[in-house]
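J.: Last residue of the sequence shown: 432 (UniProt numbering), numbering continuous.
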Amino acid sequence: RIKSGKQISKNSSLYKLAPYLDDNNVLRVRGRLEESEFSSNEIHPIILPKQSKFSELLIRREHNKVCHGGVSATLSKIRSRYWIPKGRQIVKRVLRDCLICRKYSLKPAQQITAQLPKNRILENPPFTVTGIDFTGPVIIRSGKESNQKSYITLFTCAVTRALHLELTTDMTTKHFILSLRRFLARRGNCKVIISDNAKSFKATDNILREFAKILVDVDLKKFVGIHEITWQFIPPHAPWWGGFYERLMRSIKEPLRKILGRASLSFEEMTTILAEVELVLNHRPLTYTSNDLDEPLPLTPAHFLFPGQENLSYPVHFLEIFTNQPSTKENLTRRVVYQTKLLRHIWGNWKNNYLMQLRNAHNFVNSSPVRDLKKGEVVLLEGTTKSKFLWPLGVIEDVIVGRDGHIRSCIVRTSKGQLKRPIQLIYPLEII
């Protein structure tokens, strides 16, 4: 219509631009800046179609020129010479497909919060299911002028949250097995052990590397097999899977720093300090501490380890059992009945108060639908550096489904081989 000299329709998206054809039959915006000092292309930009491969390629080129700037920077650069109707909307759509920008703004895969595992919510004797972690080194005085390094091994009950601490002189399989033997001799009942995966430990950390060697040692596997203990490893690089013992490690380090300061203790003195820290932490409250004097004292791990020793937490008539009585058959039978009633009372308190607190997770993701990762999908794997541009690319080879039927981790093929990673460390690029 413009070429034939007719007026453009008022319903056209170009009407307000007052378009015209220049001497080369190129469609341009007339505009109102002819008296300005701008160049002719800035005063009368070329009009391009919004649905055009050329327009898309132009947007990509100008986006690269502004160093992958945002929508406004890219659009401003384009409009210095061209005009694309609904330009901001088109630029947004094209920039969504920019791989470099997508890497920068990627978010990890999400999933509905998993249910608590059975081994944390079923009644079991203390330390039936145990998490193991360690810390160190702790400097121990071995002579008048010499010091040596020692290490602390933490054993945590997954159900009652009780803990047991052992001090070892080095991180060898022999001494670790000895600390495990002491733990089993004193606590017993252990059927399942949960710990970090040996592959999770950084090769640059000597302590972690030594513990990784212990976990794969033949002697340790033989010892565990003899005692019919199942050893479970959490996925690599997923410490939150072992959160029930990771959190307690901080509770141990903080009082030790405050107590020890710069003191130099012998092995026996440090063993005594650890035993006292263990006692204090086993008396920490698991349930709400009320201000009401009539309310019972809060439940603690010590109630499961030493039932009956905290008398004020239980009905007064239980105290009758503690009076000094001869060890006759009748009195011992009454003692057994009392212990049974007491344990029922403790487990009832555990169910009604502690377990109910775990019903709602602190960071619970609701049951709204989430996009599941798929085999063959191109992803980024979170690396050790902050820059996402240095993270490795990979392709999902397989997905691992949890007890609830939701994907919890994946096997990803990278340039360095196959890696197993939790979905929290996988960033989908949505390129298949």
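Backbone N, C-alpha and C define an ideal beta-carbon position, used for all residues, glycine too.
Please report the Cβ distance between L154 and D133, rounded to the nearest whole angstrom; I am assuming they are in contact, meaning their Cβ atoms lie under 8 Å.
T.: Yes, L154 and D133 are in contact; Cβ-Cβ is about 5 Å, under 8 Å.
J.: What do you get for K10, buried or exposed, if any count of 16 or more other CB atoms within 10 angstroms of its CB means buried?
T.: Exposed: under 16 other Cβ atoms inside 10 Å.
J.: Give me the Cα-Cα distance between R141 and S264, rounded to the nearest whole angstrom.
T.: Looking at the two C-alpha atoms, the distance is approximately 6 Å.
J.: According to DSSP, simplified to helix, strand and coil, what is residue 462?
T.: With the chain covering only 1 through 432, there is no way to say anything about residue 462.
J.: Alpha carbons only, please: which of I193, R81 and P392 is nearest the one belonging to F38?
T.: Checked all of I193, R81 and P392; the closest Cα to F38 is R81.
J.: Considering only their Cβ atoms, is the gap separating L358 from residue 477 smaller than 9 Å?
T.: Examination of residue 477 is not possible in this model, given that the chain is present from 1 through 432 alone.
J.: Quick check: the Cα distance between Y245 and K213, rounded to an integer number of angstroms?
T.: Going by the C-alpha atoms only, they are around 21 Å apart.
J.: Considering only C-alpha positions, which residue in the set N41, I43, L58 and E42 is nearest to P49?
T.: Among N41, I43, L58 and E42, the Cα nearest to that of P49 belongs to L58.
J.: I'd like to know whether the C-beta atoms of L274 and P285 end up nearer to each other than 9 Å.
T.: No. Outside cutoff.
J.: Our contact map puts I411 next to L373 with C-beta atoms below 8 Å; I'd like the distance itself, whole angstroms only.
T.: Rounded, the Cβ-Cβ distance is 11 Å, inconsistent with contact.
J.: Closest to W350 by C-alpha separation, out of I84, P126, K53 and T113, would be which residue?
T.: Per the Cα distances, P126.
J.: Taking the alpha-carbon positions, what's the S105 to K65 distance?
T.: Going by the C-alpha atoms only, they are around 19 Å apart.
J.: When we look at the beta-carbon of M356 and count the other beta-carbons within 10 Å, is it buried (16 or more) or exposed?
T.: It is exposed - the Cβ of M356 has fewer than 16 other Cβ atoms within 10 Å.
J.: List the whole-angstrom C-beta distance separating L425 from E382, where the pair is believed to meet the contact cut-off of C-beta under 8 Å.
T.: L425 to E382, Cβ: 4 Å. Contact.
J.: If you count every other CB in all the chains shown that lies within 10 Å of the CB of F304, and 16 or more means buried, which is it?
T.: The residue is buried, with at least 16 neighbouring Cβ atoms inside 10 Å.
J.: For A238, I'd like the list of residues in its chain whose CB is within less than 6 Å of its CB, leaving aside the five on either flank, ordered along the chain.
T.: If we look at A238 and ignore the five residues flanking it on each side, its Cβ neighbours are P422.
J.: Which value, in whole angstroms, describes the spacing of the CA atoms of S313 and L297?
T.: Bear in mind that a pLDDT of 45 at S313, under 50, signals an unreliable position, so the model cannot answer this.
J.: Can you have a look at residue 433 and say buried or exposed, based on whether 16 or more other CB atoms are within 10 angstroms of its CB?
T.: As shown, the chain starts at 1 and ends at 432. That puts residue 433 outside it, with no answer to give.
J.: What are the start and end residues of the beta strand (DSSP E) that includes H175?
T.: Not the beta strand (DSSP E): H175 falls in the alpha helix (DSSP H), residues T173 to R187.
J.: Relative to the C-alpha of residue 511, which candidate in T113, K103, A18 and R161 has its C-alpha closest?
T.: Because the chain is modelled from 1 through 432, residue 511 falls outside the range shown and cannot be assessed.
J.: Based on the DSSP output, what are the partners of I411 in its beta bridges?
T.: Answer is D398 and K420, bridged to I411.
J.: Can you give the Cα-Cα distance for L343 and L165, rounded to whole angstroms?
T.: Cα to Cα, L343 sits roughly 24 Å from L165.
J.: Taking the C-alpha atoms as reference points, what is the distance between R187 and L180?
T.: For R187 and L180, the distance between alpha carbons rounds to 10 Å.
J.: Below 7 Å CB to CB, which residues in the same chain sit around D404 once its five sequence neighbours on both sides are set aside?
T.: Excluding positions up to five away in sequence, the list reads A114 and Q115.
J.: Within a Cβ cutoff of 8 Å, which residues of the same chain sit near T272, ignoring the five residues on either side of it in sequence?
T.: Same-chain partners within the cutoff: there are none.
J.: Taking C-alpha atoms, which residue in E430, R408 and I43 lies nearest to P236?
T.: Among E430, R408 and I43, the Cα nearest to that of P236 is on R408.
J.: Whose C-beta lies closer than 6 Å to the C-beta of W347 among residues of the same chain, with five residues either side of it excluded?
T.: Excluding sequence neighbours, W347 sits near E123.
J.: Sorted by chain position, which residues of the same chain lie with C-beta nearer than 7 Å to F389's C-beta, five sequence neighbours on each side aside?
T.: Hits under 7 Å: K103.
J.: Could you work out which residue in S55, E276, R60 and A73 is closest to L95 when comparing CA atoms only?
T.: The candidate whose alpha carbon is nearest that of L95 is R60.
J.: What residue from I90, S387 and P428 has the CA that sits closest to E56's CA?
T.: Nearest option by C-alpha distance: I90.
J.: Looking only at DSSP bridge pairs, what is I193 linked to?
T.: In DSSP, I193 forms a bridge with T130 and W231.
J.: Under 8 Å Cβ to Cβ from T172, same chain only, skipping five residues before and after it: list those, please.
T.: Here the set comprises E210 and I214.
J.: Given a cut-off of 9 Å, decide if I47 and V71 are closer than it, judged by their beta-carbon atoms.
T.: Against a cut-off of 9 Å, the Cβ pair of I47 and V71 comes out as no contact.
J.: For the putative contact between V399 and K416, defined by C-beta atoms under 8 Å, what is the C-beta separation to the nearest angstrom?
T.: The Cβ separation is near 20 Å, so there is no contact.
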